[in-house]
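Enquirer: I'd like to ask some things about the structure below.
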Amino acid sequence: MGVALLSLFRLFVLSFITLGLIPQQALASITRHYKFDIQLQNVTRLCHTKSIVTVNGQFPGPRIVAREGDRLLIKVVNHVQNNISIHWHGIRQLRTGWADGPAYITQCPIQTGSSYVYNFTIVGQRGTLWWHAHISWLRSTIYGPLIILPKRGVPYPFTKPYKEVPIIFGEWWNADPEAVINQALQTGGGPNVSDAYTINGLPGPLYNCSAKDTFKLRVEAGKTYLLRLINAALNDELFFSIANHTLKVVETDALYVKPFETNTILITPGQTTNVLLKTKPNFPNATFFMAARPYVTGLGTFDNSTLAGILEYETTTLHSTLSMNKLPLHKPILPALNDTSFATKFASKLRSLNTPQFPANVPQKVDKRLFFTIGLGTNPCSHNNQTCQGPTNRTMFAASINNVSFTMPNTALLQSHFFGQSNGVYSPDFPISPLIPFNYTGAQLNNTNVGNGTKLMVLPFNTSVELVLQDTSILGAESHPLHLHGFNFFVVGQGFGNFDENDDPKKFNLIDPVERNTVGVPSGGWVAIRFLADNPGVWFMHCHLEIHTSWGLKMAWVVLDGKLPNQKLIPPPLDLPRC
Ligand code: C2O
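And the structure:
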């Protein structure tokens, strides 16, 4: 049946081509092939050598470069013992949910010795995105940039950069991150933290035994560079700054924004930010640290170290490496680790570019209003007569949305949905608001237990959704970077304390709110987002702090097919991994 449908679909596309309905520009689109061999590789950082899971032996992984409108065929071959799946973070995957990648949501994992070809087309998107493993904590070493250039001949809406540099932040663990998360889930306690932050895989000179592993950005004076910043860290939002230089923010999550200048940016795991760096007009006789350290609001332990790379100017007067080393080195001043007021100010500066060419199509009417609380909680200790290491020795850490801590199914949700076999896999009754309202940001509750289940929210095709994400103070208020697969959304409002459904909507920005795929929910506050559910499939939504996802801060949406043929999920490819 799948094959018959597939050829029907081909016929449909063919008839479009023969009828001349495909615009000229689309014809310039090409298919790009990549091969990802998942393999072990020995890597040394901080004087620790270990075997890590990589793509093609590279750490960070290879760069994918395409143009808007291109089709990507990425063959992933699994040569390691771990199960694997790869997610193309921020790609809309219009009707191609089978290529989205989160394990047990849109596909079963690729098993040892097997392969899967991710097949999707980049429609109406250009900018910086990234890809990463989407199973357990394997994304700690399996990640890389995904760069979408505008269509040929289409300029950026800002100064044409002299050069473009992807800069991807990560975390380095001397321990095996898989062992770290397995142990945390076993004991119910908080996980061990990373040993360093990295910039393009390198921790830099502020760590022991690390000076030789320093990222250097060599620039020429008087030029404009486009830095494509990506936060691939597992559990930490990051501040980033370059000493004595300003950054001009021009894009977030592959969507253009109204440009603004800043000394420091804040970037949560999952987010990307393009900035223009204008170098000094003349050789400055100095070098500059580019540094990052975390923004932390929770109560748990965290890696409080600082990474540094070096911005170095090229010079015509023959400075030897030796004399370069003698130049004064400037260091940036980063905000305090808990500087929430910086976070708030930074978020409020982000606005959609909103020009005729790049309009902000904010949904003006709302079909469905939803209110989700997000935060931590507990489950009872699962070891009978023993103790756990949660907030008390009788409890284990958990996290939830509307008090539902998400239980991962052991088959893929998209498959169950498409073949009408959801019975016993998931229930379509995710609550539209908390079953028992309480003072979300008030005093500590006596009972912190969560409910557990695989509940999904079902939306008819083209539903216009307004969703308020409300942080709770259960076991400590905390900023949560919430990521939605399959869509971009508009951030129409945010604030502190409990959301007020009478007053707060009056202040919503429905003109030029920033559009993105991952938003930091303010610590002890709320954010309101709007999106149009125009992409049929099953779409994951979760906190991009990996420990919170592991604890259950995740859920999924089912967006039903529309009536027209081009509003339906396409059938699964034949090589889709099954469980
Ligand atoms: Cu970048 Cu579901 O993740």
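If you're matching positions, the sequence shown starts at 537 in my numbering and goes up one per residue. Every residue gets a Cβ at the ideal spot worked out from N, C-alpha and C, and that includes glycine. Quick caveat: nothing in here was measured; it's all calculated off a predicted structure.
(1) Going by the DSSP bridge assignment, what does Ile574 pair with across the sheet?
(2) From which residue to which residue does the alpha helix (DSSP H) around Ala935 run?
(3) Answer with buried or exposed for Ala828, where buried requires no fewer than 16 other C-beta atoms within 10 angstroms of its C-beta.
(4) Quick check on DSSP: helix, strand or coil for Ser543?
(5) Whether or not the stretch 809–822 and the stretch 776–788 are in contact is what I'm after, with contact meaning three or more pairs of Cβ atoms, one per stretch, closer than 8 Å; do they touch?
(6) Evaluate Ile558 with the Cβ neighbour count: other Cβ atoms within 10 Å of its Cβ, from every protein chain shown; 16 or more gives buried, anything less gives exposed.
(7) Does the distance from the C-beta atom of Val508 to that of Ser936 stay below 8 Å?
(8) Rounded to the nearest angstrom, what separates Gly597 and Arg607 at their Cα positions?
(9) Tell me which residue opens and which closes the beta strand (DSSP E) that Pro702 is part of.
(10) Suppose the cutoff is 8 Å on Cβ atoms and the five residues either side in sequence are ignored; what does the same chain contact list for Leu1096 look like?
(11) Leu1012 to Pro638, Cα distance in whole Å?
(12) Decide if Leu770 is buried, meaning its Cβ has at least 16 other Cβ atoms within 10 Å, or exposed.
(13) May I ask which residues mark the beginning and end of the alpha helix (DSSP H) holding Phe954?
(14) Suppose the cutoff is 8 Å on Cβ atoms and the five residues either side in sequence are ignored; what does the same chain contact list for Gln561 look like?
(15) Nearest to Phe572 by CA position, among His668, Met1091, Asn821 and Leu873, is which residue?
(16) Closer than 7 Å: is that where the CB of His615 sits relative to any heavy atom of ligand 1?
(17) So Asn921 is in the alpha helix (DSSP H); what residue range does that whole segment cover?
(18) If you run the structure through DSSP and keep just helix, strand and coil, what is Asn718?
(19) Does Phe523 come out as helix, strand or coil in the three-state DSSP assignment?
(20) When you compare the stretch 658–678 with the stretch 703–711, are there three or more beta-carbon pairs, one atom per stretch, that lie closer than 8 Å?
(21) Taking Asn718 and Asp731 to be in contact with their CB atoms under 8 Å, please state how far apart those CB atoms are, rounded to whole angstroms.
(22) Go through the stretch 1018–1059 residue by residue and report every complete run of the beta strand (DSSP E) that reaches 3 residues or more, in order.
(23) Going by alpha carbons, who is nearest to Gln1103 out of His625, Cys1115 and Leu630?
(24) Can you tell me whether DSSP reads Gly987 as helix, strand or coil?
(25) Would Ala779 be called buried (16 or more neighbouring beta carbons within 10 Å of its own) or exposed?
(26) Out of Leu582, Leu576, Val601 and Ala602, point me to the one whose CA is closest to Gln594's CA.
(27) Are Gly725 and Gln980 close, meaning C-beta to C-beta below 8 Å?
(28) For Gly1033, which residues of its own chain have a beta-carbon under 6 Å away from its beta-carbon, when the five flanking residues on both sides are left out?
(29) So, for Gly836: in the same chain, excluding its five sequence neighbours on each side, which residues have a beta-carbon less than 7 Å away from its beta-carbon?
(30) Nearest by alpha-carbon distance to Arg1052: which of Val898, Glu756 and Lys816 is it?
(31) Secondary structure at Leu557, three-state DSSP: helix, strand or coil?
(32) Return helix, strand or coil for Arg628, following the three-state DSSP convention.
(33) From Asp712 to Met932, what does the alpha carbon distance come to, in whole angstroms?
(34) Among the candidates Thr657, Gly649, Val616 and Asn618, whose CA atom is the shortest distance from the CA of Gly626?
(35) Could you spell out the range, first to last residue, of the alpha helix (DSSP H) harbouring Ser1015?
(36) According to DSSP, which residues form a beta bridge with Arg754?
Expert: A quick look at the data gives this:
(1) Position 38 of the sequence shown, counted from the first residue, corresponds to residue 574. Note: Ile574 sits in a beta bridge opposite Val591 and Asn614.
(2) Walking along the sequence shown from the start, residue 935 turns up at place 399. Here Ala935 belongs to no alpha helix (DSSP H); instead the beta strand (DSSP E) covers Thr931 to Ile937.
(3) Numbered from its first residue, the sequence shown carries residue 828 at position 292. Answer is buried; the Cβ neighbour count reaches 16.
(4) For the purposes of this step, residue 543 is identified with residue 7 of the sequence shown, where counting begins at 1. Since pLDDT at Ser543 reaches only 46, below the 50 mark, its modelled position is unreliable, and no value is offered.
(5) yes
(6) Counting from one through the sequence shown, the residue named residue 558 turns up at place 22. Its pLDDT being 46, under 50, Ile558 is placed unreliably in this model, and the value from its coordinates should be taken loosely. If you draw a 10 Å sphere on the C-beta of Ile558, you find fewer than 16 other C-beta atoms in it, and that means exposed.
(7) Within the shown structure, residues of the chain are numbered from 537 to 1115, placing residue 508 beyond reach of any answer.
(8) Position 61 of the sequence shown holds residue 597. Position 71 of the sequence shown holds residue 607. The alpha-carbon atoms of Gly597 and Arg607 are separated by roughly 20 Å.
(9) Here the question's residue 702 lines up with position 166 in the sequence shown. Run containing Pro702: Lys699 to Trp708, per the beta strand (DSSP E) assignment.
(10) The residue you call residue 1096 lines up with position 560 of the sequence shown. Correct list, in chain order: Val994, Leu995, Pro996, Phe997 and Pro1072.
(11) Counting from 1 along the sequence shown, the entry for residue 1012 is found at position 476. Counting from 1 along the sequence shown, the entry for residue 638 is found at position 102. Looking at the sequence shown, residue 1012 is not Leu but Gly. The C-alpha of Gly1012 lies about 28 Å from the C-alpha of Pro638.
(12) Counted from its first residue, the sequence shown places residue 770 at position 234. Classification for Leu770: buried.
(13) Translated into positions along the sequence shown, residue 954 becomes position 418. It spans Leu949 to Phe954 - the alpha helix (DSSP H) in which Phe954 sits, taken as one unbroken run.
(14) Along the sequence shown, one-based indexing puts residue 561 at 25. Only weak support exists for where Gln561 lies, its pLDDT of 49 falling under 50; the value from the coordinates is given anyway. The answer, listed in chain order, is Gly605 and Lys687.
(15) By one-based count along the sequence shown, residue 572 stands at place 36. The candidate whose alpha carbon is nearest that of Phe572 is His668.
(16) Counted from its first residue, the sequence shown places residue 615 at position 79. No - ligand 1 has no heavy atom lying nearer than 7 Å to the Cβ of His615.
(17) Against the sequence shown, residue 921 aligns to sequence position 385. No alpha helix (DSSP H) holds Asn921; DSSP gives it neither H nor E.
(18) As a first step, residue 718 is located in the sequence shown; it is residue number 182 there, counting from the start. Reduced to three states, the DSSP call for Asn718 is helix.
(19) Absent from the model: residue 523. The displayed extent of the chain is 537 to 1115, so no value can be given.
(20) Enough Cβ pairs lie closer than 8 Å, so yes.
(21) Your numbering for residue 718 matches position 182 in the sequence shown. Your numbering for residue 731 matches position 195 in the sequence shown. Not quite, the Cβ-Cβ distance comes to about 18 Å (not below 8 Å), so this is no contact.
(22) 1025–1032 and 1054–1057
(23) Counting from 1 along the sequence shown, the entry for residue 1103 is found at position 567. The residue with the shortest Cα to Cα distance from Gln1103 is Leu630.
(24) The residue you call residue 987 lines up with position 451 of the sequence shown. Looking at Gly987 - three-state DSSP - the assignment turns out to be strand.
(25) Numbered from 1 along the sequence shown, position 243 holds the residue referred to as residue 779. Per the 10 Å Cβ criterion, buried.
(26) Taking the sequence shown and counting its residues from 1, the one referred to as residue 594 is at position 58. The shortest C-alpha separation from Gln594 is found at Leu576.
(27) Start at 1 with the first residue of the sequence shown, and residue 725 comes out as number 189. Start at 1 with the first residue of the sequence shown, and residue 980 comes out as number 444. The Cβ-Cβ distance between Gly725 and Gln980 does not fall below 8 Å.
(28) For the purposes of this step, residue 1033 is taken as residue 497 along the sequence shown, with counting starting at 1. Excluding sequence neighbours, Gly1033 sits near Thr977.
(29) Position 300 of the sequence shown, counting from 1, holds the residue named residue 836. Gly726.
(30) Within the sequence shown, the letter at position 516 stands for residue 1052. With distances taken between Cα atoms, Arg1052 lies closest to Val898.
(31) Translated into the one-based positions of the sequence shown, residue 557 becomes position 21. Residue confidence for Leu557 is low, a pLDDT of 47 falling below 50, so the modelled location carries little weight and cannot support an answer.
(32) Locating residue 628 in the sequence shown gives position 92, counting from the first residue. DSSP places Arg628 in coil when its eight states are reduced to three.
(33) Numbered from 1 along the sequence shown, position 176 holds the residue referred to as residue 712. Numbered from 1 along the sequence shown, position 396 holds the residue referred to as residue 932. Taking the Cα positions, Asp712 is about 22 Å away from Met932.
(34) The residue labelled residue 626 in the question sits at position 90 within the sequence shown. Residue Thr657 is the option with its Cα nearest to Gly626.
(35) Residue 1015 sits at position 479 when you count from the first residue of the sequence shown. Segment: none, Ser1015 is in no alpha helix (DSSP H) and carries neither H nor E.
(36) Sequence index remark: in the sequence shown, residue 754 carries index 218 (1-based). Answer is Glu848.
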